[in-house]
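Undergrad:
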Amino acid sequence: MALAERFRRAIAANPKRNGFGDFFADLLNDVAVPVSPDDLKGRGKILAFLSLYPGSGATTLSIYAAMTLTGKKDEPKEVALADLTPWGKARSYLGLHPDDYPASVLDLIRAEDGDDAARFGVLHPFGFFVFPGVVHRLDAVLELLPEPLAAVRAAARIKASFDTGLLILPPVESGGWAGAMVADRIFLVVPPARAALDALPDALSILDRFGARGRTKVVLNQAGKPGTMDPRDVLPVIRPDATLPYDAKVEESINQRRPDYARRFSARFQKAMRPILRL
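This is how it looks when you write it as structure tokens:
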């Protein structure tokens with residue numbers, strides 16, 4: 580189905596029509612735009628980590644996933660991680676200071692078709708390639724956020740060059756829908772909070788409208804964190820596909836730019852996530 584038609588149908592299903600769908604329908608009506616994983620060429624698989632809202636933990640979980648999926652050290656191109664959020668936390672968490680690593684995901688998005696995506700990324704000591712987020716917030720305002728299909732371009736470049744690509748996406752209504760459309764699997768990261776329970780049905784509805792609901796796995800993150808809802812009250816409501824417990828040391832290590840704590844956390848992470856990471 581053409582993206583323009585998908586927009587029309589999505590908006591038509593909403594009685595509060597606002598013209599958004601018509602605008603994009605007219606803009607993209609004659610343009611061939613990928614709208615599903617099968618529309619992207621390449622050997623790789625694309626996994627998208629999508630926060631229900633900022634702070635849900637998609638960046639942290641995507642880094643753990645990259646560590647889990649990275650193979651032998653002599654095969655560094657096997658896994659790539661791209662941060663498409665405007666806040667670019669992966670750069671901070673992985674210690675990729677802009678003075679030393681000025682490359683950003685914008686370089687990947689601007690690449691020409693056929694270019695080796697690895698040229699535009701950073702090989703991290705953990706063994707996977709990283710396409711860090713924007714260096715300056717203004718870059719996000721001027722270049723990343725106004726381009727709704729940036730995630731589609733990034734996914735296409737990565738799929739053609741890597742075995743596994745992980746996209747860190749902003750919330751679905753803030754542009755995350757585009758990356759979700761072309762991802763082989765989407766991990767919607769949800770915190771144990773009342774606002775999250777209220778927002779989840781709408782986020783899933785949007786993913787459904789863009790044909791991505793069947794590829795979406797709901798991950799309850801930071802279960803049992805002090806001050807949040809009791810997991811016993813949350814689990815029956817959202818029925819997650821995976822649940823990860825809160826661990827204060829994970830947060831501490833990330834803030835110290837030492838996500839290698841994930842090595843110790845990996846047993847619990849792998850137990851919860853490996854079954855749904857498998858494609």
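Quick note: the sequence shown uses my numbering, first residue 580, plus one each step. The beta-carbon is built from N, C-alpha and C at its ideal position, and this holds for glycine as well. What you are looking at is a predicted structure, and each value in this text was computed from that prediction instead of being measured.
Alpha carbon to alpha carbon, how far is Pro725 from Glu752?
TA: Going by the C-alpha atoms only, they are around 13 Å apart.
Undergrad: Can you list, in chain order, the residues of its chain with a C-beta nearer than 7 Å to that of Val816? Leave out the 5 residues immediately preceding and following it.
TA: Result list for Val816: Leu776, in chain order.
Undergrad: From Ala690 to Gln835, what does the alpha carbon distance come to, in whole angstroms?
TA: Spanning the two alpha carbons is a distance of roughly 33 Å.
Undergrad: Can you pull the DSSP bridge partners for Pro824?
TA: Looking at the DSSP assignment, Pro824 forms a beta bridge with Ala802.
Undergrad: With C-beta atoms as the reference, is Ala730 less than 8 Å away from Leu631?
TA: No, Cβ-Cβ distance for Ala730 and Leu631 is not below 8 Å.
Undergrad: Helix, strand or coil: how does DSSP classify Arg794 here?
TA: In the structure shown, Arg794 sits in a helix (DSSP, three-state: H, G or I).
Undergrad: Taking Cβ positions, are Ile855 and Leu746 nearer each other than 8 Å?
TA: Result no, Cβ atoms of Ile855 and Leu746 do not sit closer than 8 Å.
Undergrad: Got a sec, what are the start and stop residues for the alpha helix (DSSP H) Lys620 sits in?
TA: Careful: Lys620 lies outside any alpha helix (DSSP H) and carries neither H nor E.
Undergrad: Extract the residue ranges of the alpha helix (DSSP H) inside the stretch 632-700, only unbroken runs of 4 or more that lie entirely within it.
TA: Within the stretch 632-700, the complete alpha helix (DSSP H) runs of at least 4 residues are 637-648, 668-672 and 684-689.
Undergrad: Which residues mark the beginning and the end of the beta strand (DSSP E) in which Leu748 is found?
TA: Start and end: Thr743 to Leu748.
Undergrad: Flag this pair as yes or no: are the beta carbons of Ala682 and Pro711 separated by less than 8 Å?
TA: In contact: Ala682 and Pro711 (Cβ atoms closer than 8 Å).
Undergrad: Would you kindly check if the distance between the Cβ of Leu728 and the Cβ of Ala759 is under 8 Å?
TA: No, these two residues do not count as a Cβ contact at 8 Å.
Undergrad: When the distance is taken between beta carbons, is Ala661 closer than 8 Å to Ile642?
TA: Contact: no.
Undergrad: How would you write the range of the beta strand (DSSP E) that Leu629 sits in, first residue to last?
TA: First-last of the beta strand (DSSP E) with Leu629: Lys624 to Ser630.
Undergrad: Please name the residue, chosen from Asp826, Ala762, Pro810 and Arg794, that lies closest to Ala735 on a Cα-to-Cα basis.
TA: Ranking Asp826, Ala762, Pro810 and Arg794 by Cα distance to Ala735 puts Ala762 first.
Undergrad: For Val761, which of helix, strand or coil comes out of DSSP?
TA: In the structure shown, Val761 sits in a helix (DSSP, three-state: H, G or I).
Undergrad: Would you call the CB atoms of Lys804 and Ala821 closer than 8 Å?
TA: Going by C-beta atoms, Lys804 is not nearer than 8 Å to Ala821.
Undergrad: DSSP state of Phe602, grouped into three classes?
TA: Bear in mind that a pLDDT of 47 at Phe602, under 50, signals an unreliable position, so the number given afterwards is only what the model happens to contain. Residue state, collapsed to three classes: helix.
Undergrad: Taking the straight line between their C-alpha atoms, what separation do you get for Pro819 and Val798?
TA: Each residue's alpha carbon lies about 6 Å from the other.
Undergrad: Nearest-angstrom Cα distance between Lys620 and Met808?
TA: About 43 Å.
Undergrad: Quick one: grab the DSSP three-state call for Leu728.
TA: Coil at Leu728, not helix or strand.
Undergrad: Can you give me the C-alpha to C-alpha distance between Gly634 and Asp694, rounded to a whole angstrom?
TA: Going from the Cα of Gly634 to the Cα of Asp694 covers about 33 Å.
Undergrad: Do you know how far the Cα of Ala739 is from the Cα of Ala604?
TA: Its pLDDT being 49, under 50, Ala604 is placed unreliably in this model, and the value from its coordinates should be taken loosely. When rounded, the distance between both Cα atoms is 28 Å.
Undergrad: Taking its Cβ as the centre, do 16 or more other Cβ atoms sit within 10 Å of Pro750, making it buried, or is it exposed?
TA: Classification for Pro750: buried.
Undergrad: Please state if the CB of Asp718 and the CB of Glu657 are separated by a distance shorter than 8 Å.
TA: No, the Cβ-Cβ distance between Glu657 and Asp718 is not below 8 Å.
Undergrad: Rank Ser832, Pro810, Glu831 and Ile833 by C-alpha distance to the C-alpha of Pro824 and give the top, closest one.
TA: That would be Pro810, whose Cα lies nearest to the Cα of Pro824.
Undergrad: Three-state secondary structure (DSSP) at Leu607?
TA: Low local confidence applies: a pLDDT of 48 at Leu607 is under 50, so the model's placement there is unreliable, and no value is given.
Undergrad: Please state whether the Cβ-Cβ distance between Ala696 and Leu685 is less than 8 Å.
TA: Their beta carbons are not under 8 Å apart, which means Ala696 does not touch Leu685 by this criterion.
Undergrad: Would you say Ile833 and Thr649 are within 8 Å of each other, going by their C-beta atoms?
TA: Contact: no.
Undergrad: Return yes when the Cβ of Gly744 is within less than 8 Å of the Cβ of Ile615, no when it is not.
TA: Sequence inspection shows Ser at residue 615; the Ile mentioned does not correspond to that position. Not closer than 8 Å, so no.
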